[in-house]
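Numbering (mature numbering (1 follows the signal peptide of the UniProt record, and there is no 0)), first residue to last: -19 to -1, 1 to 440.
Notes follow once the structure below has been shown.
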Amino acid sequence: MKLSVHFLVAVAVIPSASCFVPTAASRSTSSLKVSVGGTSQLTPPKKVEDLSDSSEDLYNQNVQTTYGRYKLTIDSGKGCFLKTTDGKNYLDCVSGIATCALGHNNEFLTKAIENQMKKVHHVSNLYFIPEQAALANWLCTNSGADKAFFCNSGAEANEAAIKVARRYAYNRGIEKPVIISAEKSFHGRTLAALSATQQPKYHKGFGFGGEMVPGFDSCVYNDIASLEAAVERATSDGKGLAAIMLEPLQGEGGIIPGNPEFFAKARELCDKHGALLMIDEVQAGMGRTGTLWGHENLNVIPDVFTSAKALGGGVPIGAMMARGEAATTFGPGDHASTYGGNPLACAAGLAVAQYLYDNNVLENVQARGEQLSQGLEKLAEKYPTVLGQVRGWGLLKGVECIAEDITAGELVAAAMNEGLLLVPAGANVVRFVPPLIISEEEMNMALERFEAAVKSKAN
Ligand SMILES: Cc1ncc(COP(=O)(O)O)c(C=O)c1O
């Protein structure tokens, strides 16, 4: 296969992806790298070990620019540490954004995946999959849910939840079902999950006449009066309340924990209107908050909750868990996923579950979470012009960056210079989401490195 020079030149002169308007020439087949209708000869893929420092260029040439990436290329890891191609070690308090619960290169997880690969890794949901049954059983036994539906990501799990809510409402005669979600929420990037995500900046340019997927309304998170007003709107003009969909703790919105009274009111309103209370546990679930599910901190039982991220410890898997009638709302053919719940992903999920159980990981999350809060609060006292409120549960914590001239992103970059990986949340919060297995010594190291970063910015 020959790389077309014409194509590369065309890309090189485009100033930015956002202002690229396809012209007849740019759409013409003359820029194609393969012959249309002919027999093309394959080229072999590049060997990753040969790329060394050139992978960044390869990205820019070949990968769509949907992410602003830090200038780090990570090629290995162990436990809570990641190593870059230039030989630097970083203490990882991001864990793939709350995903690698067991850290990196965990032997137990690796063995489980290896064993499953040697047996069978994918067969399709045309057949029974024992690993899927076992993982569904563990999830149901360790929550209020009765049945699981498996998919591959958080957004997909939320799409499944949205579809369940609509069908459940339809079965009750509601033709205009409304799902209420909260301002500053984040539920994923697929179109309906994005419509539930009440952050206008993510909607720009994806609407139809400015409208996203219809049937979503919003309320202010933790504000009972605002929720009641939204329910009022959702039950007027021929509409009906299908569901209230909330994160137990808003992660991407800036580490904002839910308020138990607000969730109790949401439960009450759902019961009153025959609607579903749906909790998005994609970031908070699977032990991250010190309890297996974030909603346990709120003392509320959802009808539906979703999980992904840590569920497979970094192997893609998502689940939509439902109880009562919601668990039998879908019938054969109503929803599906080619990969969802395949033997490999479920073997990973089972290994994560077993590891959490065998190693008292939830206790570690509680102890390390407390250590992190205390350490961050001390730093906030010491650097009052830079650090503000410390928020969150367990190992899902954030500290506000209140300095006028420093952004959370800049603090994250400064931490990176000190060998610590962190991630911003919302506009001005620095988020700590380390692997759930982080030790006391590693947490002290994280706090020391963070202090060095804050100091470098405070001066
Ligand atoms: C609460 C929540 N829901 C859904 C998602 C989307 O998950 P995914 O990126 O796996 O689609 C995220 C991702 O950050 C999340 O934090």
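All C-beta atoms in this analysis are idealised placements derived from N, C-alpha and C, irrespective of residue type, glycine included.
Using a threshold of 6 Å, is the CB atom of Gln180 nearer than that to any non-hydrogen atom of ligand 1? no
Check for me: the beta strand (DSSP E) holding Asp198 runs from which residue to which? Phe197 to Cys200
Beta-carbon spacing of Ala82, Leu417 below 7 Å: yes
Would you mind sorting Leu72 into buried or exposed? The rule is 16 or more other CB atoms within 10 Å of its CB. buried
From His184 to Ala136, what does the alpha carbon distance come to, in whole angstroms? 15 Å
Reference residue 441; option with closest CA among Lys59, Leu53, Ile419 and Trp374: A question about residue 441 goes unanswered here, because the residues of the chain that appear run from -19 up to 440.
Proximal residues to residue 454 (C-beta, below 7 Å), its chain only, five neighbours per side dropped: The question about residue 454 has no answer, for the chain in this structure spans -19 to 440.
Answer yes or no: the CB of Glu228 versus the heavy atoms of ligand 2, is any distance below 6 Å? Ligands present in the displayed structure are limited to ligand 1, and ligand 2 is not among them.
Three-state secondary structure (DSSP) of Val(-7): Unreliable placement is indicated for Val(-7), whose pLDDT of 27 sits below 50; the coordinate value is still reported in the next sentence. Coil at Val(-7), not helix or strand.
Just checking my contact of Gly125 with Ile282 at CB under 8 Å: how many whole Å lie between their CB atoms? 5 Å
CB of Ser288 to nearest heavy atom of ligand 1: below 6 Å? no
Would you give the residue range spanned by the alpha helix (DSSP H) that Tyr338 belongs to? Pro324 to Asp339
Compute every distance between the C-beta of Gly268 and the non-hydrogen atoms of ligand 1, then say whether any falls below 6 Å. no
On the DSSP letters alone, give me the boundaries of the alpha helix (DSSP H) that Lys100 sits inside. Glu88 to Lys100
Compute the minimum distance between the beta carbon of Ala206 and the heavy atoms of ligand 1, and state whether it is under 6 Å. no
Asp284 classed as buried or exposed, judged by whether at least 16 other C-beta atoms fall within 10 angstroms: buried
Sort out for me which residues DSSP pairs Asn70 with in a bridge. Lys64
So what does DSSP say about Ile143, is it helix, strand or coil? helix
Considering only their Cβ atoms, is the gap separating Asn280 from Trp374 smaller than 7 Å? no
Can you tell me whether Phe109 is buried or exposed? The criterion is at least 16 other CB atoms within 10 Å of its CB, across all chains shown. exposed
Helix, strand or coil at Asp31 according to DSSP, with G and I counted as helix: helix
Let me check you understand the geometry: is the CB of Gly232 closer than 6 Å to at least one non-hydrogen atom of ligand 1? yes
Leaving aside the five residues before and after Val346 along the sequence, list all residues of the same chain whose C-beta is less than 8 Å from its C-beta, in chain order. Gly268, Arg269, Thr270, Gly271, Gly375, Leu376 and Leu417
Would you list the one or two residues that DSSP bridges to Trp374? Leu377
Please work out which residues of its chain come closer than 8 Å, Cβ to Cβ, to Ala361, disregarding the five sequence neighbours upstream and downstream, and give them in chain order. Leu368, Gly369, Gln370, Val371 and Val380
Cβ pair Gly221, Gly407 closer than 7 Å: no
Pick out whichever of Ile383, Ala427 and Ser420 has its Cα sitting closest to the Cα of Glu399. Ala427
Would Ala328 pass as an interface residue toward chain B - the criterion being a Cβ-Cβ separation below 7 Å? Any reference to chain B falls outside this structure, which holds one protein chain only.
Between Ala308 and Glu156, what straight-line distance do the alpha-carbon atoms span, to the nearest angstrom? 21 Å
Starting from the C-beta of Asn152, find all residues in its chain whose C-beta is less than 8 Å away, skip the five residues before and the five after it, and write them out in chain order. Thr310
Taking Cβ to Cβ, would you say Met259 is nearer than 7 Å to Ala142? yes
For Cys121, which residues of its own chain have a beta-carbon under 8 Å away from its beta-carbon, when the five flanking residues on both sides are left out? Asp127, Lys128, Ala129 and Met302
What are the start and end residues of each continuous beta strand (DSSP E) run of 3 or more residues lying completely inside the stretch 266 to 333, in chain order? 285 to 288 and 299 to 303
Return the residue from the list His85, Ala206, Gly312 and Asn43 that minimises the CA-CA distance to Val296. His85
Is the stretch 332 to 342 touching the stretch 197 to 213, taking contact as three or more C-beta pairs under 8 Å? no
Buried versus exposed, by CB contacts within 10 Å (16 or more), Val29: exposed
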